[in-house]
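Residue numbers (this note's numbering): 222 to 303. All C-beta atoms in this analysis are idealised placements derived from N, C-alpha and C, irrespective of residue type, glycine included.
Encoded structure:
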């Protein structure tokens, strides 16, 4: 869950702030559209499952890869802003 919160912080840091009215799922959809991928929605679903206890606390396979991809997207995006 800390990795997901780090992704949220990093997105905010580069100016992709979550609006007050947006749910995490809505925000994830907007981020997915921005990066033309579904990584943020996948991570948000895992976060929801872990946070609300609906699933086994074991991270699904490839979760670390999704997190790394999001950080890569964010890093590339922040580099283009400079």
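Assuming the contact rule is C-beta atoms closer than 8 Å, residue 260 and residue 287 should be a hit. Round their C-beta distance to whole Å, please.
Here residue 260 refers to the residue found at position 39 of the chain shown. Here residue 287 refers to the residue found at position 66 of the chain shown. Yes, they are in contact, since the Cβ atoms of residue 260 and residue 287 sit about 5 Å apart, within 8 Å.
Secondary structure at residue 242, three-state DSSP: helix, strand or coil?
If you number the chain shown from 1, residue 242 lands on position 21. In this structure, residue 242 counts as coil in the three-state DSSP scheme.
Decide if residue 240 is buried, meaning its Cβ has at least 16 other Cβ atoms within 10 Å, or exposed.
Position 19 of the chain shown, counted from the first residue, corresponds to residue 240. By the 10 Å Cβ count, residue 240 comes out exposed.
By the three-class DSSP mapping on this structure, what secondary structure does residue 261 have?
Along the chain shown, one-based indexing puts residue 261 at 40. Residue 261: helix per DSSP, three-state reduction.
Excluding five sequence neighbours on each side, which residues of the same chain lie with their C-beta closer than 8 Å to the C-beta of residue 272?
What you label residue 272 is simply residue 51 of the chain shown in a count that begins at 1. The answer, listed in chain order, is 222.
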